[in-house]
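Asks: This structure is in structure tokens; I'll ask about it shortly.
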Amino acid sequence: MKAKNDAPLRSRQLIGYFVFSILLNGFGNGLTVAMNLGSALWTASAVNLAHALHLTLLTVLLAEGVAVVLFNALVLRRLEWRRIAGNFIFMIPFSFLVSWFAQLIGMTPLVALPLMWRVVLDLFGIVCTGVAVSIYQRLNVMLHPNDDLMQILRFHFLHGNAALAQPLSFVPPITLILICVLATRQAYALNIGTLFSLVAQGAIVGLADRVVFPQLKHRHLVV
Numbered sequence: 026m027k028a029k030n031d032a033p034l035r036s037r038q039l040i041g042y043f044v045f046s047i048l049l050n051g052f053g054n055g056l057t058v059a060m061n062l063g064s065a066l067w068t069a070s071a072v073n074l075a076h077a078l079h080l081t082l083l084t085v086l087l088a089e090g091v092a093v094v095l096f097n098a099l100v101l102r103r104l105e106w107r108r109i110a111g112n113f114i115f116m117i118p119f120s121f122l123v124s125w126f127a128q129l130i131g132m133t134p135l136v137a138l139p140l141m142w143r144v145v146l147d148l149f150g151i152v153c154t155g156v157a158v159s160i161y162q163r164l165n166v167m168l169h170p171n172d173d174l175m176q177i178l179r180f181h182f183l184h185g186n187a188a189l190a191q192p193l194s195f196v197p198p199i200t201l202i203l204i205c206v207l208a209t210r211q212a213y214a215l216n217i218g219t220l221f222s223l224v225a226q227g228a229i230v231g232l233a234d235r236v237v238f239p240q241l242k243h244r245h246l247v248v
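Note that the sequence shown covers residues 26 to 248 in the numbering used here.
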């Protein structure tokens, strides 16, 4: 196997793209949690697990990340220590970032806006998440384990099709959500945003690949 499309980037460009994408993703996820009108599937599963187990969102985000790192190794049928290290380096500050943005936005007047505007903001948060995933997947320096799973499915099994890979990568969080809802008889962070994430986030990632920083190509892909 060989790496493809290793487009050169200056260190300053690489850092700039990466910092922007992780902040955008943290903001998007935090916004959907604060609006409580449906989060992206992984975030929604973490919110429901946090309520079911009486744990903090931060704790569950970290635990989910560890579980997905192990699952990714099973899918690849090998341990890639550089990849795993990148997953952990990304996941830990990102989990804090989502929790921080959710708390910060929750203290603003945005959460008291009329329903229509909160729906718009929630969907905007999903779009932000999809765009951010597109950017740092193309950089491919380090990825959140959840997005690494989508990347693995996309390029190892689905010939680069983001619209198929994203919903397939959502099977584990959907399963967790169903278990939590059956156990607690309550549903959290599930609404129109969750449905929008399920049906559209993969397409958003694919579209962003073409129109958001189109000069940025997928790097270091091993296929």
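Glycine included, each C-beta is placed from N, C-alpha and C at the ideal position.
What you are looking at is a predicted structure, and each value in this text was computed from that prediction instead of being measured.
Taking Cβ positions, are residue 199 and residue 64 nearer each other than 9 Å?
Replies: For residue 199 and residue 64, no; Cβs fall outside 9 Å.
Asks: Considering Cα atoms alone, identify which of 244, 61 and 110 is closest to residue 180.
Replies: Measuring from the Cα of residue 180, the nearest candidate turns out to be 244.
Asks: Under the DSSP definition of a beta bridge, which residues are partnered with residue 203?
Replies: Residue 203 pairs with nothing; no bridge assigned.
Asks: So, using beta-carbon positions, are residue 178 and residue 164 closer together than 9 Å?
Replies: No; because the gap between Cβ atoms is not below 9 Å, this pair is not in contact.
Asks: Straight-line CA distance for residue 183 to residue 90?
Replies: One C-alpha to the other measures close to 23 Å.
Asks: Please state whether the Cβ-Cβ distance between residue 169 and residue 50 is less than 9 Å.
Replies: Taking 9 Å as the Cβ cut-off, residue 169 and residue 50 qualify as a contacting pair.
Asks: Which residues in the same chain have their Cβ closer than 8 Å to the Cβ of residue 54, if we skip the five residues on either side of it in sequence?
Replies: Contacts found: 64, 65, 68, 123, 126, 127, 150 and 154.
Asks: Return the CA-CA distance between residue 99 and residue 189, expressed in angstroms with no decimal places.
Replies: Cα-Cα distance, rounded: 20 Å.
Asks: Buried or exposed: which applies to residue 36, given that a residue is buried once 16 or more other Cβ atoms fall within 10 Å of its Cβ?
Replies: Label assigned to residue 36: exposed.
Asks: With the cut-off set at 9 Å, would you say residue 236 and residue 158 are in Cβ contact?
Replies: It is not a contact, given that the beta carbons lie outside the stated cut-off.
Asks: Around the Cβ of residue 141, are there at least 16 other Cβ atoms within 10 angstroms (buried) or fewer (exposed)?
Replies: Exposed: under 16 other Cβ atoms inside 10 Å.
Asks: Taking 8 Å as the threshold, find out whether the stretch 77-88 comes into contact with the stretch 214-224 through three or more Cβ pairs.
Replies: Flag = no, the stretch 77-88 and the stretch 214-224 do not touch.
Asks: Quick one: is residue 211 buried, meaning 16 or more other Cβ sit within 10 Å of its Cβ, or exposed?
Replies: So residue 211 ends up on the exposed side.
Asks: Sorted by chain position, which residues of the same chain lie with C-beta nearer than 7 Å to residue 143's C-beta, five sequence neighbours on each side aside?
Replies: So the qualifying residues of the chain are 60 and 62.
Asks: Under the rule that 16 or more other beta-carbon atoms within 10 Å means buried, what is residue 103, buried or exposed?
Replies: Exposed, by the Cβ-count rule.
Asks: Can you tell me whether DSSP reads residue 65 as helix, strand or coil?
Replies: Three-state result, residue 65: coil.
Asks: Using only the alpha-carbon positions, how far apart do residue 92 and residue 147 sit?
Replies: When rounded, the distance between both Cα atoms is 27 Å.
Asks: Could you have a look at residue 181 and say whether DSSP puts it in helix, strand or coil?
Replies: Residue 181: helix per DSSP, three-state reduction.
Asks: I'd like the ranges of any alpha helix (DSSP H) spanning at least 4 consecutive residues and lying wholly in the stretch 60-121.
Replies: Segments of the alpha helix (DSSP H) lying fully in the stretch 60-121: 66-78 and 82-101.
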